[in-house]
Amino acid sequence: FGHDLLVVPTGRGAEVVKQGLAKSVGVSNYSDKRLQEAHSKLKARGVPLASNQVHYNLLYRLPETNGVLEKCQELGVTLVAYSPLAQGVLSGKYDEKNLPTGPRARIYNESFMRKARPLIELMREIGENHGGKSNAQVALNWLLCNPLVTVIPGAKNRQQVEDLMGAIGWELEEGEVIELRKAALAVPPVQGFPAEDL
70 FGHDLLVVPT GRGAEVVKQG LAKSVGVSNY SDKRLQEAHS KLKARGVPLA
120 SNQVHYNLLY RLPETNGVLE KCQELGVTLV AYSPLAQGVL SGKYDEKNLP
170 TGPRARIYNE SFMRKARPLI ELMREIGENH GGKSNAQVAL NWLLCNPLVT
220 VIPGAKNRQQ VEDLMGAIGW ELEEGEVIEL RKAALAVPPV QGFPAEDL
């Protein structure tokens, strides 16, 4: 967004904007109803609501079905997708024989990775068709094909940052976007952040 991030308690965002410390307000994990309420209250004070940061990726598409993406579109609010690579699973570095460790291992176990394999392979194939794009680049570009969505991927080193940057400057074809969604629908949904249901 081009501005430094300033985190303030809920309900204080309008004050911060009025003091000139920020130009707009962003929220995190707001349901469609909470988003509408926040937008209305801020609008009454002449303060724009810029963004709603939520869990969203090819394997976790709840914002598409719980009204959040639709409400963002209606209100002109940018949806900021966190965990856009599903904690590294969509990068293609894991499979049934090379599983994630730590807390991720409970969700992304051998059975899950076996079911996700067709999606991961399709991402690899589509990436090759676009000049050797990585799975991470395909996963991020899938989100960015929606002009309402932006992403905040994590990176541990320069190489990962450079890989992530390769997600921009090109675009999946509409048929590929649909094909990826269809392949992702065949993978069991993962648990998201419970605040989205409030």
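If you read the sequence shown in the numbering used here, its first letter stands for residue 70, the second for the next number, and so on. Just so you know, even glycine gets a beta-carbon here, dropped at the ideal spot from N, CA and C.
Segment limits, alpha helix (DSSP H) that includes residue i
i: S180; result: E179 to N198
i: G244; result: E243 to L254
i: V218; result: Unbroken run through V218 is the beta strand (DSSP E), V218 to I221; no alpha helix (DSSP H).
i: V96; result: That residue, V96, is in no alpha helix (DSSP H); its beta strand (DSSP E) goes V94 to S97.
i: W211; result: N204 to L213
i: K155; result: Residue identity check: residue 155 is Ala in the sequence provided, not Lys. From DSSP, A155 is part of no alpha helix (DSSP H); its letter is neither H nor E.
i: I176; result: R173 to I176
i: E231; result: R227 to M234
Start and end residues, beta strand (DSSP E) containing residue i
i: L148; result: T147 to Y151
Burial state of residue i (16 or more Cβ within 10 Å)
i: L128; result: buried
i: A205; result: buried
i: K225; result: exposed
i: K184; result: exposed
i: I221; result: exposed
i: P132; result: buried
i: K202; result: buried
i: N198; result: exposed
i: K56; result: In the structure as shown, the chain begins at 70 and stops at 267. Residue 56 is therefore absent and cannot be evaluated.
i: S160; result: buried
i: S180; result: exposed
Beta-ladder partner(s) of residue i, from DSSP
i: N167; result: D164
The ligand PLP heavy atom lying under 8 Å from the CB of residue i
i: K166; result: Annotation note on the ligand PLP: not contained in the displayed structure, which lists no ligands.
For the segment 106 to 137, which segments carrying the beta strand (DSSP E) assignment without a break, of at least 3 residues, lie completely within its bounds, in sequence order?
For the segment 106 to 137, whole beta strand (DSSP E) runs of length 3 or above, ordered along the chain, are 118 to 124.
Cβ contact (3+ pairs, closer than 8 Å) linking the segment 105 to 115 and the segment 203 to 222:
By the Cβ criterion, the segment 105 to 115 is not in contact with the segment 203 to 222, since fewer than three pairs of Cβ atoms, one from each stretch, lie closer than 8 Å.
Whether or not the segment 178 to 195 and the segment 118 to 126 are in contact is what I'm after, with contact meaning three or more pairs of Cβ atoms, one per stretch, closer than 8 Å; do they touch?
no
Should the segment 163 to 177 be called in touch with the segment 228 to 242, which here means at least 3 C-beta pairs below 8 Å?
Too few Cβ pairs lie closer than 8 Å, so no.
Should the segment 240 to 248 be called in touch with the segment 170 to 179, which here means at least 3 C-beta pairs below 8 Å?
no
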